[in-house]
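Inspection log for the structure reproduced underneath, given as structure tokens.
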Amino acid sequence: CNVQLKQSVMGKDVFIVSPTHTNTSLVELFLLIGTAKRSSAERITAVIPFYGYSRQDSRHPLKRETIAAADIARMLTAMGVDRVMSVDLHAGQIPGFFGPDVPFDHLMSVGVGAAYFSEIIQELSIEMNRDLLKSDFDSKRVVVVAPQEGQVARATQFKEKLEGFLGEFSDWTVQMAFISRSSTKDRDKAEEETHKHLIGDVKGSFCILVDDIIDTGSTMANAVKMLRAAGAGKITGFASHGRFSQGGDKVIENLEELQFVVITNTLPHRDEEGNIIARKQSGKIRELTLAPLFAEAIYCLHN
8 CNVQLKQSVM GKDVFIVSPT HTNTSLVELF LLIGTAKRSS AERITAVIPF
58 YGYSRQDSRH PLKRETIAAA DIARMLTAMG VDRVMSVDLH AGQIPGFFGP
108 DVPFDHLMSV GVGAAYFSEI IQELSIEMNR DLLKSDFDSK RVVVVAPQEG
158 QVARATQFKE KLEGFLGEFS DWTVQMAFIS RSSTKDRDKA EEETHKHLIG
208 DVKGSFCILV DDIIDTGSTM ANAVKMLRAA GAGKITGFAS HGRFSQGGDK
258 VIENLEELQF VVITNTLPHR DEEGNIIARK QSGKIRELTL APLFAEAIYC
308 LHN
């Protein structure tokens with residue numbers, strides 16, 4: 008691809024906004040950084056809404072595999088980036104892959120999601136007072152659920168933000184639950200069997216599954232089924248990144264027990280021909296914008 012800046016950036020504070028969800032977008036980001044560097048930009052900040060290859064953040068001691076998240080950090084540094092900003096990284100160690108000369112700003116979208124759900128819960132409270140939802144709820148209780156152990160910290164942050172938005176005078180209580188996995192191996196079987204356990208009480212409650220990314224939708228689908236089996240009153244979800252590979256969006260739409268799932272616009276939505284289009288706010292997938300979050304962060308850095 009060919010990259011050309013249409014105006015001068017000499018001595019300017021340059022912010023390049025681009026996700027790295029594909030190899031093409033990653034190369035475009037590298038070329039943009041190199042072009043701005045050669046054009047004498049004073050400072051170059053890579054604003055990466057979705058940090059590609061972030062799930063390849065560690066290496067199995069017995070496997071010959073790359074730590075791609077670290078390699079991306081080395082390539083960004085080699086291209087001359089001065090600062091990096093991203094949102095809801097899959098692993099907390101990724102900022103450490105950059106050297107001390109490249110500061111990393113890790114933004115969190117849980118505040119945006121919690122604000123949205125607080126409005127939903129307040130609307131439900133009005134409807135419950137009119138006796139419209141007594142059949143679905145046993146009490147005014149919200150349970151934030153982590154679909155796996157690695158998301159407990161994120162779900163805890165979401166819970167704390169939600170409690171703050173609901174306020175101390177709200178008659179809703181916010182609790183936590185998570186799904187744990189354990190493995191067993193029989194002597195007669197070569198492979199291990201994985202068992203999942205729901206830790207926490209969700210019966211008759213308003214459940215919010217909190218994850219960092221929805222890819223194939225299998226994690227969300229399995230969690231929804233477990234919550235329904237445990238007697239959850241209403242099941243919703245929140246994820247920062249909606250990648251939806253291998254028909255993951257269709258998996259979500261076909262989950263009868265799921266009311267809706269909320270994602271943010273860190274990744275572009277494409278039609279069947281691959282063209283970038285705006286996501287229709289219909290069906291079970293709802294999209295929130297992180298533009299104000301990034302705008303405030305960029306304003307603070309620039310000033």
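Under the working numbering, the first residue of the sequence shown carries the number 8, and numbering increases by one thereafter. Even glycine gets a Cβ: it sits at the ideal position worked out from N, Cα and C. Just so we're clear, the structure is a prediction, and the values are computed from it rather than from any experiment.
Residue i: buried (16+ other C-beta within 10 angstroms of its C-beta) or exposed?
i	result
Asp95	buried
Lys168	buried
Asp89	buried
Ile270	buried
Ala230	buried
Tyr306	exposed
Leu12	exposed
Thr29	exposed
Ile283	exposed
Arg277	exposed
Gly106	exposed
Using the DSSP secondary-structure output, state which residues sit across from residue i in a beta bridge.
i	result
Ile220	His248
Asp20	Arg50
Asp112	Met92
Gln182	Val150
Lys203	Arg188
Thr243	Ile215 and Phe267
Arg277	Ile283
Lys210	Ala239
Ile259	Paired residue(s): none; Ile259 is not in a bridge.
Ile55	Ser93
Could you check which residue in the options has the C-alpha nearest to that of residue i?
i	options	result
Gly290	Leu234, Asn282, Asn310 and Asp256	Asp256
Ser93	His248, Phe267 and Asn261	His248
Leu262	Ala237, Gly238, Gln14 and Ile292	Ile292
Ile206	Glu156, Phe245 and Lys166	Glu156
Gly41	Arg188, Ile128, Val269 and Val16	Val16
Leu83	Ala121, Lys44 and Gln182	Lys44
Phe111	Asn310, Cys214 and Ala80	Ala80
Asp108	Leu173, Ile51 and Glu126	Ile51
Gln266	Arg235, Thr296 and Glu170	Arg235
Gln164	Val181, Ser177 and Glu175	Val181
Val159	Gly171, Met183 and Leu173	Met183
Tyr60	Glu126, Ser32 and Cys214	Ser32
His97	Gln129, Met86 and Arg62	Arg62
Ser125	Glu294, Val91 and Leu173	Leu173
Lys210	Ile133, Val258, Arg148 and Gly171	Arg148
Val10	Leu297, Ser189 and Leu38	Leu38
Gly343	Gly87, Glu303, Ala77 and Cys8	Examination of residue 343 is not possible in this model, given that the chain is present from 8 through 310 alone.
Val150	Pro102, Met115, Tyr123 and Asp208	Asp208
Asp178	Asn136, Ser189 and Ala237	Asn136
Which first and last residues belong to the beta strand (DSSP E) in which residue i is found?
i	result
Leu295	Ile292 to Leu295
Gln164	Careful: Gln164 lies outside any beta strand (DSSP E), inside the alpha helix (DSSP H) at Val159 to Leu173.
Phe267	Leu265 to Thr271
What is the residue span of the alpha helix (DSSP H) that residue i lies within?
i	result
Ala98	Looking at the DSSP string, Ala98 is not in any alpha helix (DSSP H), and its letter there is neither H nor E.
Gly120	Val117 to Asn136
Arg45	Asn30 to Arg45
Thr84	Ala75 to Met86
Phe301	Ala298 to His309
Thinking residue i and residue j are a contact (beta carbons under 8 Å), I'd like their distance in whole angstroms, please.
i	j	result
Arg250	Leu274	6 Å
Ala246	Val268	7 Å
Lys232	Glu264	7 Å
Val54	Phe104	The pair is not a contact, with the Cβ atoms about 17 Å apart (cut-off 8 Å).
Thr226	Asp219	Thr226 to Asp219, Cβ: 10 Å. No contact.
Ile186	Lys166	That pair is no contact at about 16 Å.
Val119	Leu300	6 Å
Tyr123	Leu297	Contact flag wrong, Cβ pair sits at about 12 Å.
Val18	Glu49	Residue identity differs from the one stated: residue 18 is Gly in this sequence, not Val. Rounded, the Cβ-Cβ distance is 5 Å, consistent with contact.
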